[in-house]
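Participant:
In our numbering, the protein residues as written are 1384 to 1687.
#1: If we count the other Cβ atoms within 10 Å of its Cβ and call it buried at 16 or more, is residue 1429 buried or exposed?
#2: Any chance the CB of residue 1534 is under 7 Å from a heavy atom of the ligand MN?
#3: Answer yes or no: do residue 1587 and residue 1603 have a C-beta to C-beta separation smaller than 8 Å?
#4: Is residue 1539 near residue 1476, with beta carbons less than 8 Å apart?
#5: Over the uninterrupted alpha helix (DSSP H) stretch that includes residue 1489, give me the two end residues.
#6: Hey, quick one: how far does the alpha helix (DSSP H) through residue 1375 stretch, first residue to last?
#7: At the level of alpha carbons, what is the spacing between residue 1687 and residue 1658?
#8: Between residue 1693 and residue 1656, which are expected to be in contact by the criterion C-beta below 8 Å, what is the C-beta distance as a whole number of angstroms?
#9: Write down every uninterrupted run of the beta strand (DSSP E) in the segment 1547–1608 whose length is 3 residues or greater and which is fully enclosed by it, in chain order.
#10: Taking the DSSP output, what are the residues bridged to residue 1464?
#11: Please classify residue 1592 as buried or exposed, where buried requires at least 16 neighbouring CB atoms within 10 angstroms.
#12: Sorted by chain position, which residues of the same chain lie with C-beta nearer than 7 Å to residue 1541's C-beta, five sequence neighbours on each side aside?
#13: Exposed or buried, what is residue 1670 when buried is set at 16 or more other beta-carbons lying within 10 Å of its beta-carbon?
As structure tokens, then:
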């Protein structure tokens, strides 16, 4: 990096270095890291290609590129990830929120509108395994009258989630609880959301390095078949759901039918798996939504 005098030089050199290390999307990552080194927005890079780099910026860029060529994710180098329009701090004890997880936010918002239309008062949301707080905070930002409880087994993750809530002015509407799934929960909620660990244990080593090396294993490992967390939650979910409530889960690419079957085994009623909102932009079934037992799901939003 010592020969890089301008933004243009830095972008070219950074792209070449990342591409030589077989880092995916080298040019995109280069823009992120040069902007990080200069402590500016990516749009500013395009407006000022001849801007000179200070020695400090060159050193910061060299360090960031070394970390990225070791396959540390850009979001962890920068220290934050944007999720549903919110910039969220990351940490070693939190999963790096993926864009596909925004699907669970879309599903939950649709179901929230249905509950509100029935005349319910302020919505109560429970986020299990909150990590950075991504799902709970995205929902609170979109639902100004809602309140949430967000749980995690990790004190470090809860501290980060709390800072993210404060950063976005949402701390007065969310309560953080250290809990293994529903063990410390006694209230009832309209909406339960969770992106639990769902990777089968023996598949974690084969994941891309950005995931296998950098996300906490506890946030990935779903047990031998990837379904351990769903079993634990669904076994007790009815106890904490309002009569018209929903539980919405992110699932692995081949797990939707299995999770729906687990819900049925516990007397719950899944929404149709072909409801388009349950799939991500790639057409993969990303979520499962289940209602309390005895619910008639005719004439719901997926039928209109």
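By construction, the Cβ of each residue, glycine as well, lies at the ideal position given by its N, Cα and C atoms. In this text, all values refer to a predicted model and were calculated from it rather than measured experimentally.
Facilitator: Taking the structure as given:
#1: exposed
#2: With respect to the ligand MN, the structure shown offers nothing to examine, as it has no ligands at all.
#3: For residue 1587 and residue 1603, yes; Cβs fall inside 8 Å.
#4: Closer than 8 Å, so yes.
#5: Start and end: 1485–1500.
#6: Here the chain covers residues 1384 to 1687 and nothing more, so residue 1375 does not appear.
#7: Summary for residue 1687: the model assigns pLDDT 47, below 50, so the residue's position carries little reliability; its value from the coordinates is reported in the next sentence. Linking residue 1687 to residue 1658 through their CA atoms gives a straight-line distance of about 11 Å.
#8: Outside the shown range of the chain (1384 to 1687) lies residue 1693, about which nothing can therefore be said.
#9: 1557–1561, 1572–1577
#10: 1471
#11: That one is exposed.
#12: Excluding sequence neighbours, residue 1541 sits near 1535, 1559, 1561.
#13: buried
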